[in-house]
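This is how it looks when you write it as structure tokens:
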């Protein structure tokens with residue numbers, strides 16, 4: 003059913019995805035106008051990623067089953083204005099056929115970060131040169147969950163084979179274009195160190211561009227589309243130049259000593275000479291002039307809004323194109339210290355023909371560039387302030403090329419824009435960066451100051467704000483639809499629920515729950531018969547963010563990775579793209595996409611940077627808000643994640659992010675705040691890691707003080723899958739069973755317990771024990787249930803027919819069994835690893851049968867896999883399993899109704915490496 007719908011679906015989503023992919027390609031070098039390709043040129047392609055083109059990363063953020071994917075070679079071949087050296091292509095096709103893609107065995111996030119490259123001989127390069135005048139060299143890298151990139155060849159650095167390929171190609175060709183098919187920025191020192199480096203005339207980041215990536219690359223290389231992508235990260239000369247380099251990758255804690263001086267904020271303030279390509283950089287095939295046409299201040303003081311009207315003119319003579327207008331601020335240093343430049347606004351023009359101009363407006367609220375005083379040095383502790391002085395603005399095409407405006411904003415005396423209270427302060431002492439004396443070149447001396455530590459009592463804060471308990475009423479016949487339609491109140495509805503029912507509500511089930519769309523990440527809401535009878539439907543959550551992951555094998559559209567989508571600098575395009583993704587979610591009966599991911603690119607080696615957007619908080623917040631708004635307009639939600647400071651994969655469930663209040667509020671929390679206030683976000687996923695000693699799923703200041711009390715958030719908060727929690731007051735020991743601490747902190751929903759495990763508390767969590775002992779109040783548990791109900795009432799699940807999920811499939815026996823060997827159903831069917839994928843069972847009498855499996859999966863418990871079981875060629879169920887470390891485990895399947903006769907069973911593993919040893923069908927009494 004799902005497959006047929008996908009095949010018939012209009013192509014508008016893939017078309018918009020292709021546009022986004024082309025707009026996110028970043029052209030960094032185009033010496034001598036080597037690009038676009040010209041008529042009559044024959045192009046030689048080097049590198050296996052022309053065929054094995056990466057379209058996303060690995061793990062939950064990239065594992066989308068697609069109907070098709072256009073690799074780079076296919077995209078270039080399909081473009082009528084591009085001529086390829088097909089003789090060289092055939093050599094690569096033969097070699098790749100003999101050396102197939104290494105998927106690491108096909109297990110969860112098991113792919114290596116690079117693929118073995120075809121060795122290049124001097125003769126091959128010479129032969130290519132005889133028929134071509136330009137060469138394109140592909141470099142490919144993936145990344146993903148559970149492991150960071152590494153400071154080694156094949157990850158951040160090029161391999162010896164890649165360097166040898168590049169050396170031999172540049173020795174023969176004077177015009178070489180590098181296409182970086184990568185998930186994150188990589189080392190680029192080879193641009194100056196490799197022999198014949200002068201031959202490298204073109205460099206572009208193609209990123210991982212989704213299923214339409216090959217077409218998008220061809221659009222740009224051919225000149226059909228002029229590149230308009232801009233970097234959302236700084237590319238430094240060396241990895242050790244990044245400000246977080248000394249405090250990244252530990253297993254116990256990471257000190258965020260860079261504080262607010264992350265990415266370009268650091269480089270432009272302290273070390274401008276270490277930058278190879280600056281933040282916001284990106285070339286076009288045409289040239290634009292930007293002129294400030296007007297500057298208007300609307301309103302006064304902290305409520306003022308600054309309007310910058312910038313005229314952008316295409317002054318080129320050949321190509322149409324789009325341009326990004328970037329507005330930067332240089333604030334007075336004051337007592338707090340400030341970065342030399344901060345992005346405060348941006349927009350993108352429409353497509354401008356040669357000689358055409360457009361005046362765009364960038365509006366910036368004054369309060370948006372205030373600084374947070376977490377020490378009281380300004381006299382206004384725990385406040386956002388504008389210190390006295392002249393606020394100077396710059397505009398242009400990058401942080402380096404931006405020009406100083408005549409327009410300024412003057413603050414005569416300290417201005418408080420928002421009064422808050424201490425929250426999420428660190429308890430571990432450390433020093434953070436701060437500008438010292440200004441140097442002759444305009445940068446600042448790097449100094450350090452102690453970080454302010456926590457002073458509040460978490461016990462007093464929590465106990466003084468405990469919600470009142472609602473008196474239990476018993477069943478009054480009120481259904482959830484009565485609340486939605488205004489016939490009853492939410493508190494009146496929840497009063498009917500027993501403590502056990504309330505606890506069930508706070509547990510999601512999965513992966514691959516049979517109660518929702520096959521193969522998705524979780525089911526939550528009405529996951530028990532008692533809850534269903536209260537009219538609570540079951541809601542579905544699917545992994546994202548680059549498309550819908552369904553481990554049942556059903557297909558969806560895969561869009562480009564987050565870094566590419568942010569590189570478009572196009573808010574409207576991102577909203578349109580995710581509105582269409584939202585429609586696909588509705589079609590698949592899925593209520594929330596687990597994305598966008600919006601952690602900050604704190605360090606280039608973070609394995610999940612591809613899911614995220616930028617080193618900058620503003621562009622992260624703007625793009626994330628556009629995506630969540632698009633999903634919301636389609637009637638579904640985007641679950642923004644990972645809340646917060648989940649900035650490395652190494653020991654991601656344990657490593658403590660030790661960070662100041664100021665850095666949290668100005669950098670790491672700010673995008674989430676924007677998505678809540680501007681993007682209509684109604685679902686949030688906390689992170690695996692602790693922040694300042696408290697695991698995020700049980701971090702009261704994060705989930706209640708800031709998110710709900712300060713931001714006014716009314717949606718749900720869910721944990722990451724199988725997350726740990728600790729005491730929101732005393733911190734201390736953490737465990738997956740401490741759900742009472744989660745509920746106290748208003749992380750409403752624990753993800754996930756095993757299928758059918760919510761009502762029976764299969765994970766043995768402590769919610770009911772804590773309630774009975776007084777460590778958790780009934781009001782706290784009711785509060786989380788109300789948060790979940792409030793979300794479900796506004797989700798598509800509420801509009802679908804209310805059907806109990808226990809929908810037993812009925813199968814009839816084979817019409818023609820022939821002389822096939824069968825096994826009596828009572829004996830079970832044994833499968834020898836992956837060698838036997840079919841079997842025939844003999845059912846002696848009509849009845850209802852429970853299917854169960856014995857399975858093993860070599861990886862650890864964070865890995866996820868599944869297989870589909872078909873009966874007589876029809877998919878009957880999906881059998882999910884987490885990594886078992888090679889041990890045999892029992893997996894509960896579904897009930898099926900079988901009439902007397904013979905049935906053919908067939909098993910298809912969605913991910914290789916999973917072993918199904920035995921299937922049993924037990925008669926249900």
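In my numbering, the protein residues as written are 3 to 927. All C-beta atoms in this analysis are idealised placements derived from N, C-alpha and C, irrespective of residue type, glycine included. The structure displayed is predicted, hence computed values, not measured ones.
Less than 9 Å between the C-beta atoms of residue i and residue j, yes or no?
i: residue 569; j: residue 231; result: yes
i: residue 582; j: residue 510; result: no
i: residue 474; j: residue 499; result: yes
i: residue 549; j: residue 66; result: yes
i: residue 886; j: residue 857; result: yes
i: residue 593; j: residue 798; result: yes
i: residue 290; j: residue 318; result: yes
i: residue 743; j: residue 698; result: no
i: residue 409; j: residue 269; result: no
i: residue 924; j: residue 829; result: no
i: residue 250; j: residue 308; result: no
i: residue 164; j: residue 141; result: yes
Please classify residue i: is it buried, with 16 or more other beta-carbons within 10 angstroms of its beta-carbon, or exposed?
i: residue 867; result: buried
i: residue 21; result: buried
i: residue 909; result: buried
i: residue 751; result: buried
i: residue 747; result: buried
i: residue 848; result: exposed
i: residue 681; result: buried
i: residue 102; result: exposed
i: residue 713; result: exposed
i: residue 826; result: exposed
i: residue 13; result: exposed
i: residue 5; result: Because residue 5 sits at a pLDDT of 35, beneath the cut-off of 50, its placement in the model cannot be relied upon, and the following sentence gives the value as read from the coordinates. Counting Cβ neighbours within 10 Å, residue 5 comes out exposed, since fewer than 16 surround it.
i: residue 453; result: buried
i: residue 441; result: exposed
i: residue 10; result: The pLDDT assigned to residue 10 is 36, lower than 50, so where the model puts this residue is not dependable; a value taken from the coordinates is nonetheless given after this. So residue 10 counts as exposed.
i: residue 80; result: exposed
i: residue 732; result: exposed
i: residue 349; result: buried
i: residue 531; result: exposed
i: residue 706; result: buried
i: residue 585; result: buried
i: residue 3; result: In this prediction, residue 3 scores a pLDDT of 27, lower than 50, which makes its location untrustworthy; no coordinate-derived value is stated.
Please name the residue or residues paired with residue i in a DSSP beta bridge.
i: residue 849; result: 900
i: residue 545; result: 551 and 596
i: residue 855; result: 893 and 921
i: residue 434; result: 451
i: residue 884; result: 866
i: residue 307; result: 300 and 367
i: residue 877; result: 872
Measuring CA to CA, which of the options is closest to residue i?
i: residue 544; options: 641, 416 and 266; result: 641
i: residue 528; options: 794, 214, 809 and 178; result: 794
i: residue 728; options: 901, 490 and 694; result: 694
i: residue 533; options: 769, 764 and 507; result: 507
i: residue 430; options: 15, 923 and 256; result: 256
i: residue 204; options: 294, 222 and 420; result: 222
i: residue 765; options: 755, 603 and 772; result: 755
i: residue 353; options: 286, 346 and 417; result: 286
i: residue 620; options: 637, 614, 572 and 672; result: 672
Give a single yes or no on whether residue i has its beta carbon closer than 8 Å to a heavy atom of the ligand COA.
i: residue 481; result: In the structure on display, the ligand COA does not appear, and there are no ligands present to speak of.
Any beta carbon of chain D sitting closer than 9 Å to that of residue i?
i: residue 850; result: The chain labelled as chain D is not found in the depicted structure, where only one protein chain is given.
Runs of 3 residues minimum, wholly inside the segment 197 to 229: which ones carry the beta strand (DSSP E) assignment? Listed in chain order, the beta strand (DSSP E) runs fully inside the segment 197 to 229 are 202 to 207, counting runs of at least 3 residues.
Residue ranges of each alpha helix (DSSP H) run of no fewer than 4 residues wholly in the segment 111 to 182, ordered along the chain? The qualifying runs are 124 to 133 and 162 to 174.
Entirely within the segment 587 to 615 and at least 3 residues each: give me those beta strand (DSSP E) ranges in chain order. When DSSP assignments are scanned along the segment 587 to 615, the uninterrupted stretches of beta strand (DSSP E) that are 3 or more residues long and fall wholly within it turn out to be 594 to 596.
Those runs of the beta strand (DSSP E) which lie wholly inside the segment 785 to 832 and span at least 3 residues: Considered as a whole, the segment 785 to 832 harbours 811 to 813 as its complete beta strand (DSSP E) runs of no fewer than 3 residues, in chain order.
Threshold first: 3 residues or longer. Then list the beta strand (DSSP E) segments lying entirely within the segment 452 to 496, N to C. Entirely contained in the segment 452 to 496, not one beta strand (DSSP E) run reaches 3 residues.
What runs of the beta strand (DSSP E), each 3 residues or longer, lie entirely inside the segment 611 to 696? Runs found: 639 to 645, 658 to 660 and 685 to 688.
Where are the beta strand (DSSP E) runs, 3 residues long or more, that stay fully inside the segment 362 to 395, in chain order? Counting only runs that start and end inside the segment 362 to 395, the beta strand (DSSP E) elements of at least 3 residues fall at 373 to 375 and 385 to 388.
Can you check the segment 244 to 292 for any beta strand (DSSP E) of at least 3 residues that lies completely inside it and give the ranges in chain order? Within the segment 244 to 292, the complete beta strand (DSSP E) runs of at least 3 residues are 255 to 257 and 277 to 279.
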